[in-house]
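Numbering (the numbering used here), first residue to last: 276 to 983.
Built from N, CA and C at the ideal position, the CB exists for glycine as well.
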């Protein structure tokens with residue numbers, strides 16, 4: 276169908292005022308043309324959010340820890356199915372409120388460049404390739420492959436956006452051309468070119484001195500001219516107001532509306548576009564500018580089949596929302612994404628142990644399950660509940676909150692650290708303690724998110740350090756001081772400083788459980804007790820200390836992420852242990868049409884079935900423009916039974932062999948590369964932690980590739 280032609284014809288019937296009205300996120304109805312009102316603002320980061328009941332998957336960073344592109348597409352499809360089921364039901368009730376539409380403002384494909392950034396857990400981590408692959412597959416799941424879009428995905432926040440949250444409305448993120456094209460833009464480019472994402476959202480900040488919602492470089496030169504984007508562009512919420520209030524590139528709301536519109540911002544999340552008609556009266560925009568944006572807006576609604584009678588998704592029933600099948604998929608995603616960081620043999624725990632202490636502020640907390648941009652799950656299962664459900668009456672559980680998550684006491688009238696003694700008693704009584712520490716969406720998240728119904732409560736946005744809160748550290752050290760065996764379950768959306776506990780002898784195991792979704796406590800329990808073999812991999816670097824990091828406001832990639840890290844990580848990107856062992860052999864590489872084919876045999880040499888994440892890293896051995904270390908260029912998750920061997924075939928695309936120079940130009944600049952294939956990076960720290968070294972092969976560039 277020619278949606279462009281239909282949109283032009285429909286907008287051609289509108290008055291100037293009607294066209295302008297359609298550019299607000301809360302677009303009013305035009306009854307005479309049969310256009311119902313529509314609210315563009317809808318969230319689906321890890322499940323349909325803020326619109327009532329929905330399946331709540333693990334947070335995005337935890338989904339990234341699966342390293343599973345097929346699962347990402349399936350999750351996107353489930354979210355779209357629930358969005359359609361709710362939309363179909365809501366519209367029959369005449370309910371067209373906020374968060375109840377089909378334009379999903381997800382995924383967030385910003386690069387998680389610094390673990391102090393509060394919103395980093397909304398992303399897919401620090402690596403451009405991982406973010407690109409997962410973003411593309413998630414979008415394909417959301418949008419479907421039908422005659423109409425199932426939902427309209429939106430890649431955000433374009434571009435070069437990762438804190439500081441408290442300065443985001445005025446901050447200028449300055450990035451070199453090399454960093455821009457090598458790190459910050461690849462995921463967005465893939466979302467536009469490969470996934471054909473329908474929407475792109477601009478960031479609050481400036482990038483290289485231009486506001487991201489009114490940037491000629493980003494919006495016109497790159498997005499439209501170079502990438503041929505043909506969807507709709509939307510501002511982050513109230514970001515256009517920042518043009519005159521904070522960035523001060525304009526003086527009035529009318530000037531801000533005009534600048535954003537002329538640069539290509541079609542939809543305003545906020546209210547500055549109420550001044551578009553004033554801008555027209557002042558000669559700042561002409562009717563053609565307004566018409567073009569209105570066409571883009573209507574075109575998206577047509578692509579969604581909103582005005583059609585033959586949309587294949589109109590029959591999706593409300594009964595699909597949070598159904599058993601979808602909730603099972605969410606639990607399985609959590610099981611795949613838990614990362615085993617340390618294990619001296621204590622894990623898996625025995626399901627027949629007589630006693631176990633379950634301690635910590637996140638042990639029985641729903642807050643630590645749901646993460647930000649969440650919906651309302653029909654059921655929650657905390658880690659404590661998951662353990663109790665799993666062991667039944669076999670094991671006596673001693674529970675203690677241990678500490679407040681951040682304050683120095685649980686009870687206001689009590690003395691400081693009022694739950695520490697109870698935690699120690701429980702630990703001594705049991706002899707083994709699972710201690711659940713970490714953060715939640717109130718402590719790392721979005722600055723002053725007025726759309727969050729918990730705004731105004733305890734909120735830290737960005738982290739000041741990588742340390743756990745002092746209240747938890749005091750409790751954790753006291754429990755460790757009892758001398759009992761301790762397993763730490765860390766529930767955060769980002770890297771924290773765990774160096775002390777990695778080196779503590781009676782801390783015998785550490786799990787990174789992230790924010791595992793509404794029923795994620797059961798997934799954590801199943802990993803702890805060996806019903807699921809841990810297989811998650813870190814999508815971010817866990818640093819030894821904040822001292823390893825550059826200044827938070829410095830957007831240079833030097834010293835950041837595993838590709839440019841100086842020194843040694845505590846837990847490297849791509850790292851994760853298992854209850855079984857895998858061996859790699861017979862690495863063979865062959866140039867084929869789509870890129871370099873990599874074939875490797877992987878064998879489960881252990882005693883348990885388990886998943887392995889096969890990772891391929893590339894190192895340019897000649898070019899002065901190459902990344903300092905090496906780069907992920909392919910990955911695949913596989914499942915193997917004990918003793919089973921499989922030949923895994925992966926493709927390293929031609930783009931992985933390119934470098935980016937200081938001008939931002941991308942080209943092949945070397946004839947010799949080194950490939951490493953294994954269950955981790957090839958860095959010394961990963962090899963030391965896993966006891967396994969990836970297999971390697973030197974590879975020549977494809978014949979005919981242009982050099983330099």
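Assignment of residue 592 by DSSP, reduced to helix, strand and coil, places it in the coil class. The beta carbon of residue 693 sits closer than 7 Å to the beta carbons of 684, 685 and 686 from its chain, once the five residues preceding and following it are set aside; these are given in chain order. Sequence-distant partners of residue 282 (beyond 5 residues in either direction) whose C-beta falls short of 7 Å from its own C-beta, in its chain, are 570, 573, 574 and 577.
For residue 303, the number of other beta carbons within 10 angstroms of its own is below 16, and it is reported as exposed.
When only Cα atoms are considered, residue 538 and residue 899 end up about 36 Å apart. Straight-line spacing of the CA atoms in residue 659 and residue 667 works out to 12 Å. In this structure residue 465 is in contact with residue 411, their Cβ atoms being roughly 5 Å apart against a cut-off of 8 Å. Cα atoms of residue 592 and residue 367: separation of roughly 12 Å, rounded to the nearest angstrom.
In the three-state scheme derived from DSSP, where H, G and I count as helix and E and B as strand, residue 334 is classed as coil.
DSSP places residue 972 in the uninterrupted beta strand (DSSP E) bounded by 970-975. In this structure, residue 928 places its C-beta atom within 8 Å of the C-beta atom of residue 870. Straight through space, the alpha carbons of residue 586 and residue 363 are spaced by roughly 11 Å. When the Cα atoms are used, residue 771 and residue 827 turn out to be separated by approximately 15 Å. A check of alpha carbon separations from residue 475 across 778, 542, 325 and 291 identifies 542 as the nearest. The C-alpha of residue 943 is placed about 7 Å away from the C-alpha of residue 980.
In the three-state reduction of the DSSP assignment, residue 750 falls in the helix class, which pools H, G and I.
Here the region 611-623 makes contact with the region 774-793; the two share three or more CB pairs at distances below 8 Å. Residues of the same chain with a CB within less than 8 Å of the CB of residue 545, apart from the 5 flanking positions on each side, are 300, 510, 512, 513, 514, 515 and 516 in chain order.
A contact between stretches requires three or more CB pairs, one per stretch, nearer than 8 Å, and the region 841-853 fails this requirement with the region 692-712.
8 Å or more divides the Cβ of residue 887 from the Cβ of residue 966. In this chain, residue 902 is not harboured by any beta strand (DSSP E), its DSSP state being neither H nor E. Residues of the same chain with a CB within less than 6 Å of the CB of residue 431, apart from the 5 flanking positions on each side, are 383 and 476 in chain order. If the five residues before and after residue 495 are omitted, its C-beta is found closer than 7 Å to the C-beta atoms of 538 and 539, all from its own chain and listed in chain order. Counting the other CB atoms within 10 Å of its CB gives residue 454 a total of 16 or more, which places it among the buried residues. Just so you know, the alpha carbons of residue 800 and residue 872 end up roughly 39 Å apart.
DSSP places residue 432 in the strand class (E or B) of the three-state scheme.
Note: residue 476 is bridge-paired with 509 in the DSSP secondary-structure output. Across the set 806, 809, 794 and 753, the C-alpha of 753 shows the shortest separation from the C-alpha of residue 782. Where residue 713 is concerned, there is no enclosing alpha helix (DSSP H), although the beta strand (DSSP E) around it starts and stops at 707-713.
Per DSSP, the unbroken beta strand (DSSP E) holding residue 942 starts and ends at 941-943.
In the structure shown, the three-state DSSP call for residue 515 is coil.
In the DSSP assignment, residue 675 forms a beta bridge with 634. Residues 547, 548, 550, 551 and 554 of the same chain have their beta carbon placed closer than 6 Å to that of residue 532, with the five preceding and five following residues left out of the count. Rounded to the nearest whole angstrom, the CA to CA distance from residue 314 to residue 306 is 16 Å. The beta carbons of residue 467 and residue 504 sit about 5 Å from each other, so the pair counts as a contact at 8 Å. Scanning its chain for C-beta atoms nearer than 7 Å, with the 5 sequence neighbours on each side dropped, one finds around residue 310 the residues 304, in chain order.
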